[in-house]
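Line by line, the protein sequences give chains A and B.
Residues in the first sequence are numbered from 1 upward in steps of one, following our numbering.
Residues in the second sequence are numbered from 1001 upward in steps of one, following our numbering.
Just so you know, even glycine gets a beta-carbon here, dropped at the ideal spot from N, CA and C.
Report on the structure given below.
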Amino acid sequence: QKEVEQDPGPLSVPEGAIVSLNCTYSNSAFQYFMWYRQYSRKGPELLMYTYSSGNKEDGRFTAQVDKSSKYISLFIRDSQPSDSATYLCAMVGITGANNLFFGTGTRLTVIP
Amino acid sequence: NAGVTQTPKFQVLKTGQSMTLQCAQDMNHNSMYWYRQDPGMGLRLIYYSASEGTTDKGEVPNGYNVSRLNKREFSLRLESAAPSQTSVYFCASSRQSTNEKLFFGSGTQLSVL
């Protein structure tokens, strides 16, 4: 079983839709949770960073962590064509980037 | 402000050839990393350098070597390329090794025939 599971999609939605992207994990020691956005032929860029359970909002993006269910989500409101990208979840228990575990990514297309 | 710069962007090698992937960052970060990204496998850490003068193995180090040339530069070398090393390679940096907020380069697409 992989440490982090992520539905690869692809996911296509119309412009303006609410998008929900999800990851599940098996290691209860994970405490820091991240979402990276990766445009085609580019490197990932950090989008959201959260610690422990709860919600964090940044503009149209909301990251949600449910440690009891070992489940994290990224919500995108009023989705735009510029949101079309692959979204990677990442998480770590013991702090340190060398201990990061990444999901395989979900490819999202927002149709104008 | 360039961030993390990788060269080359594309490379085709024959089995057994060697090459070095170059990476430089201008953010004065202490820690640098090399990842490979394969379909269905996600990002996997090859090697990392927590600080200048140190390097450590990651999840998939076999077939690779690294050099932390100075604080800015971290290179990845394939001594004898194999088809299994066909992948997209990303260099990343972070302020400290305890900081998970990574800044990535644009990647090198490598094909080994």
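First through last residue of the beta strand (DSSP E) which encompasses residue i
i	result
B:Ser-1031	1031-1038
A:Glu-5	4-6
B:Gln-1096	Looking at the DSSP string, B:Gln-1096 is not in any beta strand (DSSP E), and its letter there is neither H nor E.
A:Pro-113	The structure shown has nothing for residue 113 of chain A, since chain A only spans 1 to 112.
B:Tyr-1064	1064-1068
A:Ser-28	Where A:Ser-28 is concerned, there is no enclosing beta strand (DSSP E), given that its DSSP letter is neither H nor E.
A:Arg-107	106-111
Supposed contact pair residue j and residue i - C-beta distance, whole angstroms, cut 8 Å
i	j	result
B:Pro-1083	B:Thr-1015	6 Å
B:Asn-1065	B:Glu-1052	At roughly 17 Å, the Cβ-Cβ gap does not stay under 8 Å, so B:Asn-1065 and B:Glu-1052 are not in contact.
B:Ser-1094	A:Ala-97	5 Å
A:Phe-75	A:Val-4	With 8 Å as the limit, A:Phe-75 and A:Val-4 do not qualify as a contact, their Cβ atoms being about 19 Å apart.
B:Phe-1103	B:Gly-1042	Wrong, their Cβ atoms sit about 18 Å apart, outside the cutoff.
A:Arg-37	A:Ala-85	5 Å
A:Leu-108	A:Gly-9	7 Å
B:Thr-1007	B:Gln-1025	Their Cβ separation, rounded to whole angstroms, is 13 Å, which puts B:Thr-1007 and B:Gln-1025 out of contact at 8 Å.
B:Arg-1077	B:Thr-1020	5 Å
For residue i: DSSP bridge partner residues
i	result
A:Ile-76	A:Val-19, A:Phe-61
A:Met-34	A:Tyr-49, A:Ala-90
B:Lys-1057	B:Tyr-1047
B:Thr-1015	According to DSSP, which records beta bridges pairwise, B:Thr-1015 is partnered with nothing at all.
B:Tyr-1089	B:Arg-1036, B:Thr-1108
A:Tyr-39	DSSP output for A:Tyr-39 lists no bridge partner at all.
B:Leu-1078	B:Met-1019, B:Tyr-1064
A:Lys-56	A:Ala-63
A:Ala-85	A:Leu-108
B:Ala-1024	B:Thr-1005, B:Glu-1073
B:Gly-1042	B:Asp-1038
Taking any Cβ of chain B, which residues in the segment 19-50 of chain A have a Cβ under 9 Å from it, in chain order?
-> Tyr-32, Met-34, Tyr-36, Gln-38, Arg-41, Lys-42, Gly-43, Pro-44, Glu-45, Leu-46, Tyr-49
Taking only beta carbons into account, state which residues of the segment 1048-1065 of chain B come closer than 8 Å to chain A, listed in chain order.
-> Tyr-1048, Ala-1050, Asp-1056, Gly-1058
Quick one: any contact between the segment 1103-1110 of chain B and the segment 1081-1093 of chain B, if contact means 3 or more CB pairs under 8 Å?
-> yes
Check whether the segment 1019-1032 of chain B touches the segment 1091-1099 of chain B, taking contact to mean three or more Cβ pairs, one atom from each stretch, closer than 8 Å.
-> yes
Using a beta-carbon distance cut-off of less than 7 Å, what residues from the segment 1090-1107 of chain B approach chain A?
-> Phe-1090, Ser-1094, Ser-1097, Thr-1098, Asn-1099, Glu-1100, Lys-1101, Leu-1102, Phe-1104, Gly-1105, Ser-1106, Gly-1107
Looking at chain B, which residues of the segment 54-67 of chain A have a Cβ within less than 8 Å of any of its Cβ atoms?
-> none
Short-range partners of chain A found in the segment 1003-1034 of chain B, where Cβ spacing is below 7 Å | Ser-1031, Tyr-1033
Evaluate contact between the segment 20-40 of chain A and the segment 61-72 of chain A, counting only Cβ atoms and requiring at least three cross-stretch pairs below 8 Å.
-> yes
Do three or more CB pairs link the segment 40-50 of chain A to the segment 14-22 of chain A at distances below 8 Å?
-> no
Short-range partners of chain B found in the segment 93-112 of chain A, where Cβ spacing is below 9 Å | Thr-95, Gly-96, Ala-97, Asn-98, Asn-99, Leu-100, Phe-101, Phe-102, Gly-103, Thr-104, Gly-105
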